[in-house]
Amino acid sequence: MRLVLIGPPGVGKGTQAVILGKRLGIPHISTGDLFRDHVTRRTPLGREAGHYLDTGELVPDHITVGMVHERLAEPDALRGFMLDGFPRTVPQARDLTGVLERTGARLDAVVEFTAPEEILVDRLLKRGRPDDTEDVIRHRQQVYRHETAPLLDHYAGILLTVEATGPVDDIAARALKELERIE
Ligand code: ADP
Numbered sequence: 043m044r045l046v047l048i049g050p051p052g053v054g055k056g057t058q059a060v061i062l063g064k065r066l067g068i069p070h071i072s073t074g075d076l077f078r079d080h081v082t083r084r085t086p087l088g089r090e091a092g093h094y095l096d097t098g099e100l101v102p103d104h105i106t107v108g109m110v111h112e113r114l115a116e117p118d119a120l121r122g123f124m125l126d127g128f129p130r131t132v133p134q135a136r137d138l139t140g141v142l143e144r145t146g147a148r149l150d151a152v153v154e155f156t157a158p159e160e161i162l163v164d165r166l167l168k169r170g171r172p173d174d175t176e177d178v179i180r181h182r183q184q185v186y187r188h189e190t191a192p193l194l195d196h197y198a199g200i201l202l203t204v205e206a207t208g209p210v211d212d213i214a215a216r217a218l219k220e221l222e223r224i225e
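Mapping the sequence shown onto the numbering used here, position 143 (from 1) lands on 185, and the numbers just tick up by one.
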């Protein structure tokens with residue numbers, strides 16, 4: 043199964059991706075985690091991307107897209123994957139469609155997680171990652187509304203929406219129930 047998870051920062055996509063990836067037996071590919079790993083290892087890509095992560099800006103496409111292409115070409119991702127954090131813009135979505143088309147593949151579904159903004163900001167302040175200061179959080183929310191939310195229309199035909207409030211396991215159960223509809 044080839045899935046994309048979409049949702050505003052703090053909605054718990056990463057947590058859900060880990061649970062759902064295990065349940066569905068597909069690798070969880072998080073662009074945020076890939077970038078943070080490069081930053082920690084001080085790779086050239088990490089040095090280029092670090093500044094964007096710190097400020098909550100999107101990393102430019104020429105960096106992001108290459109990293110995602112490489113990851114998707116790894117053997118474990120050939121039969122299916124759960125993308126978390128990519129695509130984040132309509133151009134990135136077009137790029138993904140193009141890459142998949144080369145092997146005759148396509149996305150099965152896009153899962154959107156939703157929650158009220160006050161809950162999101164609160165959760166992120168508690169998480170305390172280096173890019174979780176209030177200004178950067180607010181900026182990331184704004185980037186989400188401007189750049190990423192248009193993807194919901196772009197993917198309207200294959201979109202599944204899951205309310206991401208309440209216990210983590212309940213949210214996962216709701217997502218799995220939605221996904222049964224496409225199996
Ligand atoms: P969150 O889910 O809290 O937004 P992520 O871990 O998904 O956090 O992303 C953290 C940062 O990584 C983003 O603020 C951005 O700088 C960068 N990033 C992640 N995915 C992308 C992408 N697809 N395009 C550009 N930048 C990205």
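Ideal placement from N, C-alpha and C gives every residue a C-beta, glycine not left out.
All values derive from a computational prediction rather than experimental measurement.
- Message: Taking the alpha-carbon of T20 as reference, which of R44, Y197 and G127 has the nearest alpha-carbon?
- Response: Absent from the structure is residue 20, since the part of the chain shown begins at 43 and ends at 225.
- Candidates D195, Y186 and A206: which alpha carbon is nearest I226's? Past the boundaries of the shown model lies residue 226; the chain is included only from 43 to 225, so the question cannot be answered.
- Message: Pop quiz: R44 and F123 are said to be a contact at Cβ under 8 angstroms. What is the actual Cβ separation, rounded to whole angstroms?
- Response: 6 angstroms
- Message: Looking at the ligand ADP, does it come within less than 7 angstroms of P51, judged from the CB to the closest heavy atom?
- Response: yes
- Who are the near neighbours of P50 in its chain, counting only those whose CB is closer than 7 angstroms to its CB and skipping five residues on each side? L162, Q183 and Y186
- Message: Check for me: the beta strand (DSSP E) holding M124 runs from which residue to which?
- Response: F123 to D126
- Proximity below 8 angstroms, CB of E90 to CB of I105: yes
- Message: Considering Cα atoms alone, identify which of D195, L201, H80 and L120 is closest to T145.
- Response: L120
- Task: Report the rounded CA-to-CA distance for V153 versus T131, giving the unit in angstroms.
- Result: 15 angstroms
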